[in-house]
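Single-structure report; data block below.
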Amino acid sequence: MNMQQQTPDQSFGISHWPDTDEIYARLNTLVKQPIRPIRREHMDKVMAYFEQRCQTSKQIAEHAKTVIPGGVQHNLAFNYPFALAVKEANGAHLTDVDDNRYIDFLQAGGPTLLGSNDPVVQQKVIETIQNCGPVTGLLHEYEVKLAELVCRHVPSVDMFRMLGSGTEAVMGAIRLARAYTGRKRVIKIGGAYHGWSDQMVYGMRIPGTGRHEAHGIPRSSTAFTQESFPNHLAAIRRKLMFNRLRGGTAAIIVEPLGPESGTRPVTREFNAGLRQLCDEFGALLIFDEVVSGFRVGMSGAQGYFNVTPDLTIFGKCLTGGYPMAGGIGGRKDIMMVLAGGIGASGSKRAFVGGTLSANPLSCVAGYYALEEMDKRNAAFHAGRAGDRLTAGLSDIIERLKLPYVVYNQGSVVHLQTSGVLLLNARNPIKLLKEVKPRKHMMEEMGAAYMAHGLVTLAGSRMYTSMADTDDIIDEALNRFEDVFKLV
Ligand SMILES: Cc1ncc(COP(=O)(O)O)c(C=O)c1O
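Just so we're aligned, residue 5 is where the sequence shown starts under this note's numbering, counting upward by one.
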């Protein structure tokens, strides 16, 4: 893989920024070809694994379907042919209720950069629960300590407000941007995920799909949300100009690694380009660092790209995998519009709340998780593991002459085998015809990885953590090779 600009700096988890043009060229080639799934006779063997080795999970999953819609509560939870129930998570490994052990590249969807269930963080959480339980509703010292830590590591953050989730933090940040600027319109980048609030279920996964998934959401809720394709600064500028004639743009919100956690990578210059456009048009720049925050480095993707947003959304790593991971950070003059408490009522403020927001458990977990990530240089080590995994997969794919595409932004590794995530709304006939079989292939690949002891995120993404030693990655590569030989 060609490498653009090198970053030898060990404080970041991204050693080099991938060559975006080359990745898109390879992804386009993948999407143009017919799919290359696992051969049917081998797929039978994969399914036999679940029947023979996962009976307890199967029973729990069947029961789950009777009380939980669809049987799973996480959209990216692996559930083909059925969800596996997990009983132990430690470091780089998961064990299911039938005692099968897996290398865990889901890592809970990203928050556990130290590896699952880190003992140092766990001990601090237990002590806190013993002292005051998980919540009191009053101020706790660690609320302040966590906020201070975030402000110290992320230079664009003068002040920090903790909320219940990434979704809530995005909602709050958009409300804040609107209250601060007095404008309504928000531009997001097509394909990006910013949680599931009414206004952000728009142009999700595939750029250009607008309200495709907005069932149950009134048109008025997305009336001031606009999407623009990634890497197309000129098109964004046109939107900003158009908006200027209609009251202006409150904010551009962006996942700095690229939409859907970097599945659609952006060029190294894209974020800086957005900063310039925001400055020119007086819009706020919101970095959604729910995935990249602390994973790319303690100063986040903004530190890596050296771009200063006005507001930053935090989630996931913020509490190291413990509950209530969400927060907004930013410039003091903007953040003050969020001021909480009884005295603030009636004043001009963007209202946010949450009974369990900033509870002692989450704050202590977050404080020690971040301290440990910093002390152990977790982003760097997890990023190296991601590089090793990517290089190894790339080598196997080339050797076996498969059309699959692998690329990474440090510890976020993307493995596209079916290309479903890269289909294009500009070709709606192909999209409609191919989305189902390509999605099914991705599910089958996920099942085959699982049957070979590898947990991935929906069969197409892997999060590495600092628990992934070279030996673990090499073992994982052997297993991936076994799966690819079934194609
Ligand atoms: C970039 C991004 N923003 C926001 C969210 C929503 O965060 P949460 O799941 O905590 O609501 C996610 C979740 O995956 C995300 O990846």
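Glycine residues also receive a C-beta, built at the ideal position from the N, C-alpha and C atoms.
Exercise for the section: Taking all protein chains shown into account, decide if D314 is buried (16 or more other Cβ within 10 angstroms of its Cβ) or exposed. Expected result: Burial check for D314: the Cβ neighbour count within 10 Å reaches 16 or more, so the residue is buried.
Exercise for the section: State yes or no: is the C-beta of P269 within less than 9 Å of the C-beta of V311? Expected result: For P269 and V311, no; Cβs fall outside 9 Å.
Problem - H456: CB within 8 Å of a non-hydrogen atom of ligand 1 - result: Checking the Cβ of H456 against ligand 1 gives no.
Practice task
Could you tell me whether the Cβ atoms of T323 and F291 are closer together than 9 Å?
Solution key: No, they are not a contact pair.
Exercise for the section: Could you tell me which uninterrupted alpha helix (DSSP H) segments, each at least 4 residues in length, are contained entirely in the region 111–163, listed from first to last along the chain? Expected result: As far as the region 111–163 is concerned, its whole alpha helix (DSSP H) runs of at least 4 residues are 123–136 and 145–157.
Practice task
For E172, verify whether its CB is less than 8 Å away from any heavy atom of ligand 1.
Solution key: E172 Cβ: within cutoff of ligand 1.
Exercise for the section: Tell whether a beta-carbon distance below 9 Å holds between A276 and F233. Expected result: No.
Problem - Where the beta strand (DSSP E) through P22 begins and ends - result: Where P22 is concerned, the enclosing beta strand (DSSP E) starts and stops at H20 to P22.
Exercise for the section: Can you have a look at P432 and say buried or exposed, based on whether 16 or more other CB atoms are within 10 angstroms of its CB? Expected result: Around the Cβ of P432, a 10 Å sphere holds fewer than 16 other Cβ atoms; the residue is exposed.
Exercise for the section: Tell me where the beta strand (DSSP E) around R105 begins and ends. Expected result: DSSP places R105 inside the beta strand (DSSP E), whose first and last residues are R105 to D108.
Handout entry: DSSP beta-bridge partners of A93
Key = L98.
Handout entry: Residues bridged to Y467 [DSSP beta-bridge criterion]
Key = Paired residues: V416.
Problem - C-alpha gap between G333 and R165, whole angstroms - result: Straight through space, the alpha carbons of R165 and G333 are spaced by roughly 6 Å.
Problem - Contacting residues, own chain, Cβ-Cβ under 8 Å from G113 (five flanking each side not counted) - result: H78, L80, K320, L461 and Y467, listed in sequence order.
Exercise for the section: Return yes when the C-beta of H198 is under 8 Å from any heavy atom of ligand 1, and no when it is not. Expected result: Flag set: Cβ of H198 near ligand 1.
Practice task
Check whether the Cβ atoms of L425 and M446 sit closer than 9 Å, and answer yes or no.
Solution key: Judged by their CB atoms, L425 and M446 are nearer to each other than the 9 Å cut-off.
Exercise for the section: State the DSSP-derived secondary structure class of K489, mapped to helix, strand or coil. Expected result: Looking at K489 - three-state DSSP - the assignment turns out to be coil, as it is neither helix nor strand.
Practice task
Count the other C-beta atoms from every protein chain shown that fall within 10 angstroms of the C-beta of N135, then say buried if there are 16 or more, exposed otherwise.
Solution key: Exposed, by the Cβ-count rule.
Practice task
Report yes if the C-beta of G330 is less than 8 Å from at least one heavy atom of ligand 1; otherwise report no.
Solution key: Within the cutoff, so yes.
Exercise for the section: Below 8 Å CB to CB, which residues in the same chain sit around V459 once its five sequence neighbours on both sides are set aside? Expected result: Within the same chain, V459 has close Cβ partners F82, L98, Y106, I107, D108, F109, L110 and Y453.
Problem - Proximity below 9 Å, CB of L360 to CB of T132 - result: A distance of 9 Å or more separates the beta carbons of L360 and T132.
Exercise for the section: In angstroms with no decimal places, state the Cα-to-Cα distance between A87 and G286. Expected result: Distance from the CA atom of A87 to the CA atom of G286, rounded to whole angstroms, is 47 Å.
Exercise for the section: Could you tell me if N6 is buried or exposed, where buried requires 16 or more neighbouring beta carbons within 10 angstroms of its beta carbon? Expected result: Note that N6 scores a pLDDT of 44, beneath 50, so its modelled location is shaky; the value from the coordinates is reported in the next line. With fewer than 16 other Cβ atoms within 10 Å, it is exposed.
Exercise for the section: Flag S366 as yes when its Cβ comes closer than 8 Å to any non-hydrogen atom of ligand 1, and as no otherwise. Expected result: Checking the Cβ of S366 against ligand 1 gives no.
Handout entry: Beta-carbon contacts of F54 that lie in its chain and below 6 Å, excluding the five residues immediately before and after
Key = Cβ within range, chain order: P85.
Problem - For R392 and D474, believed in contact at Cβ under 8 Å, the rounded distance - result: Cβ-Cβ separation between D474 and R392: approximately 7 Å, consistent with a contact (criterion under 8 Å).
Practice task
May I ask you to check if the CB of K320 is nearer than 8 Å to at least one heavy atom of ligand 1?
Solution key: True, at least one ligand heavy atom lies under 8 Å from that Cβ.
Handout entry: Local Cβ density within 10 Å of G195, reported as buried at 16 or more and exposed below that
Key = With 16 or more Cβ atoms within 10 Å of its Cβ, G195 is classed as buried.
Practice task
Check Y493 in the structure and name its three-state DSSP category.
Solution key: Residue 493 lies beyond the range of the chain shown here (5 to 491); nothing can be said about it.
Handout entry: Whole-angstrom distance between E264 and R197, CA atom to CA atom
Key = Per the sequence shown, residue 197 should be read as Tyr rather than Arg. Just so you know, the alpha carbons of Y197 and E264 end up roughly 6 Å apart.
Practice task
Count the other C-beta atoms from every protein chain shown that fall within 10 angstroms of the C-beta of V439, then say buried if there are 16 or more, exposed otherwise.
Solution key: Exposure of V439 is indicated by the presence of fewer than 16 other C-beta atoms within 10 angstroms of its C-beta.
Handout entry: Every unbroken alpha helix (DSSP H) within the region 223–275, with a cutoff of 4 residues, ordered by chain
Key = Within the region 223–275, the complete alpha helix (DSSP H) runs of at least 4 residues are 237–248 and 263–266.
Exercise for the section: Tell me whether the beta-carbon of E293 lies closer than 9 Å to the beta-carbon of F318. Expected result: A contact, by the Cβ cut-off of 9 Å.
Practice task
With hydrogens ignored, establish whether the beta-carbon of V295 is closer than 8 Å to any heavy atom of ligand 1.
Solution key: For V295, the shortest C-beta to heavy atom distance toward ligand 1 is below 8 Å.
Practice task
Report yes if the C-beta of S265 is less than 8 Å from at least one heavy atom of ligand 1; otherwise report no.
Solution key: Within the cutoff, so yes.
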